[in-house]
Amino acid sequence: MTRRTLFRTFLLGGVVLTAATFGGPALFQLHGALDTGSVPAVAAAPAPAMPVSVALVKAEPVTRWNAFSGRLEAVEHVELRSRVAGAIEAVHFDEGAVVQKGDLLVTIDRAPYEAEVARAKASVTAAESRVAFARNELDRGKKLVESRTVSQSDYDQRINTELGAVADVEAAKAVLRTAELNLGYTEIRAPISGRVGRIEITAGNLIEAGPSSPVLTRLVSLSPIYASFEADEDVVAAALSELPKGPNARSHVGDIPVRMDAAGRTDVTGRLQLIDNAVDVSSGTVRVRASFDNEDGSLMPGQFARLHMGRPKPEEALLVSERAVGTDQDKKYVFVVGADNKAEYREVALGERADGLRIVTSGLRPDERVVVNGVQRVRPGAVVAPELVDMKAQPAAEMQVSEADVPKG
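Going by our numbering, 345 is the number at position 345 of the sequence shown; the sequence numbering is gapless.
Dropping the structure here:
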């Protein structure tokens, strides 16, 4: 007998003795195990269904928006220049202050212009005295010509003298009005209400008059404020096609919705004010301008703005919550829960935001159930325990990943 045979005989003998002691079934099980060379596996219990919140996908009327970049513009913009030459006597405003129309901003030395007014008044007085003398001479000449003391030619000369004197009075009065205007121009007042900029020329400096004179300061209106942008011609054409037809269709451009994001303010609603009358052939765009309230003065001309121009008529679209959408590299997806409560991975294409939700342009059908809470924990094909909620409802608390869900080592 070999050594291996002897060992097996000894082992079987020990097993038989143990089986006799503890019962036959153990011997049967061991015999089966020795025959098969394996230990029977214990069946795993099925994993419990994961609780998730689901919402029904509904088609709702929404306004479709297109986004464009633009700049803010003042409705009124004035470069303040002097109409008369002279020395700046005083500046009456603080840089950056808000002023009202008619407020005194700058004073030019008045003395030379006051002298011009006085001289013009004297000229008027002198001209009026000549008129009085000419009329007296005319009256006297009329009596003399009737008595044939003077000739008709002399009388006609007196008539011409009186008419010339009257004309001289009118000319003198015109000079006086000009002098008074120039005197008034020494007080430079705000032509519009708005905010003034920095002082370009300070008191004591001499300035020239006219359009080539230096800018004293710049003044811009505050509210409303314009936002101008270049819109694609196709977008403009689609929006205009939904307005009333006829020659006055452009008068209804205010019916096209527009909103703006600028200077930390979002979704500021405005009114479309102008769609230009021609397409820029080099870019295929149309100049568009909208008007926005700016009572607090927080918006400034020149600021960058993101403009959103909508369609006048809402259209049906499928909407989902942002919380229902996951990201898989460059793809967007949702989990659709079927009648068997299994989660199906569904790739979707998204449009713009609308009413706090996202428009789905492809990948979903109306009345399908999508997971809106716990998307990161769901796996394709997993059985879930759905709880129906409203698509716009916010969870009381975000579901936390338990330690059991965190992979070990």
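Idealized CB from N, CA, C, for every residue including glycine.
Worksheet item: Are the beta-carbon atoms of Asp276 and Val286 separated by less than 7 Å?
Response: Numbered from its first residue, the sequence shown carries residue 276 at position 276. Numbered from its first residue, the sequence shown carries residue 286 at position 286. For Asp276 and Val286, yes; Cβs fall inside 7 Å.
Worksheet item: Using 8 Å as the Cβ pair cut-off and three pairs as the minimum, do the region 307–324 and the region 52–66 touch?
Response: yes
Discussion item. Pull the bridge partners of Tyr226 from the DSSP assignment, please.
Written reply: Your numbering for residue 226 matches position 226 in the sequence shown. Paired residue(s): Glu73 and Ser291.
Item to complete: Sort Ser53, Ser321, His77 and Pro112 by Cα distance to Val84 and report the nearest one.
Response: Taking the sequence shown and counting its residues from 1, the one referred to as residue 84 is at position 84. It is Pro112 whose Cα lies nearest to the Cα of Val84.
Worksheet item: With DSSP run on the structure shown, which of helix, strand or coil describes Asp390?
Response: Working through the sequence shown from its first residue, we reach residue 390 at position 390. DSSP places Asp390 in coil when its eight states are reduced to three.
Practice prompt. Determine the direct distance from the alpha carbon of Glu352 to that of Val236, and round the result to whole angstroms.
Written response: Residue mapping note: residue 236 aligns to position 236 of the sequence shown, counting from 1. Residue mapping note: residue 352 aligns to position 352 of the sequence shown, counting from 1. Rounded to whole angstroms, Val236 to Glu352 spans 18 Å at the Cα level.
Item to complete: Measure the C-alpha to C-alpha separation of Asn248 and Tyr226 and round it to an integer number of angstroms.
Response: Looking up residue 248 in the sequence shown gives position 248. Looking up residue 226 in the sequence shown gives position 226. Cα to Cα, Asn248 sits roughly 23 Å from Tyr226.
Worksheet item: When the Cα atoms are used, what is the spatial distance from Ser69 to Phe304?
Response: The residue given as residue 69 occupies position 69 in the sequence shown. The residue given as residue 304 occupies position 304 in the sequence shown. Cα to Cα, Ser69 sits roughly 7 Å from Phe304.
Item to complete: Provide the residue span of the beta strand (DSSP E) that contains Leu219, from first to last.
Response: As a position in the sequence shown, residue 219 is number 219, starting the count at 1. Thr217 to Val220 is the span of the beta strand (DSSP E), which, as asked, contains Leu219.
Fill in: Straight-line gap, Ala134 to Asp168 (C-alpha atoms, nearest Å)
Taking the sequence shown and counting its residues from 1, the one referred to as residue 134 is at position 134. Taking the sequence shown and counting its residues from 1, the one referred to as residue 168 is at position 168. Going by the C-alpha atoms only, they are around 12 Å apart.
Practice prompt. Excluding the 5 residues preceding and the 5 following Ala90 in the sequence, name in chain order all residues of the same chain whose CB lies nearer than 6 Å to its CB.
Written response: Taking the sequence shown and counting its residues from 1, one reaches residue 90 at position 90. Result list for Ala90: Thr107 and Ala203, in chain order.
Worksheet item: Do the region 195–214 and the region 156–165 meet, that is, are 3 or more Cβ pairs less than 8 Å apart?
Response: no
Worksheet item: Between the beta-carbon of Leu222 and the beta-carbon of Gly194, is there less than 7 Å?
Response: The sequence position of residue 222 within the sequence shown is 222, counting from 1. The sequence position of residue 194 within the sequence shown is 194, counting from 1. For Leu222 and Gly194, yes; Cβs fall inside 7 Å.
Worksheet item: The beta strand (DSSP E) with Asp123 in it runs from where to where?
Response: As a first step, residue 123 is located in the sequence shown; it is residue number 123 there, counting from the start. Note that residue 123 corresponds to Ser in the displayed sequence, not to Asp. Careful: Ser123 lies outside any beta strand (DSSP E), inside the alpha helix (DSSP H) at Ala111 to Glu146.
Worksheet item: Opposite Gly86 in the DSSP bridges: which residues?
Response: Along the sequence shown, read from residue 1 onward, the residue named residue 86 stands at position 86. According to DSSP, which records beta bridges pairwise, Gly86 is partnered with Ile207.
Item to complete: With distances taken Cα to Cα, identify the nearest neighbour of Lys331 among Tyr345, Val320, Val337 and Ser321.
Response: Reading the sequence shown from its first residue, position 331 is the one you call residue 331. If we check each option's Cα against that of Lys331, Tyr345 comes out closest.
Discussion item. Please classify Ser153 as buried or exposed, where buried requires at least 16 other C-beta atoms within 10 Å of its C-beta.
Written reply: Working through the sequence shown from its first residue, we reach residue 153 at position 153. By the neighbour-count rule (16 or more Cβ atoms within 10 Å), Ser153 is not buried but exposed.
Worksheet item: Tell me which same chain residues have a C-beta within less than 7 Å of the C-beta of Asp390, skipping the five on either side of it?
Response: Mapped onto the sequence shown, residue 390 falls at position 390. Hits under 7 Å: Ala55.
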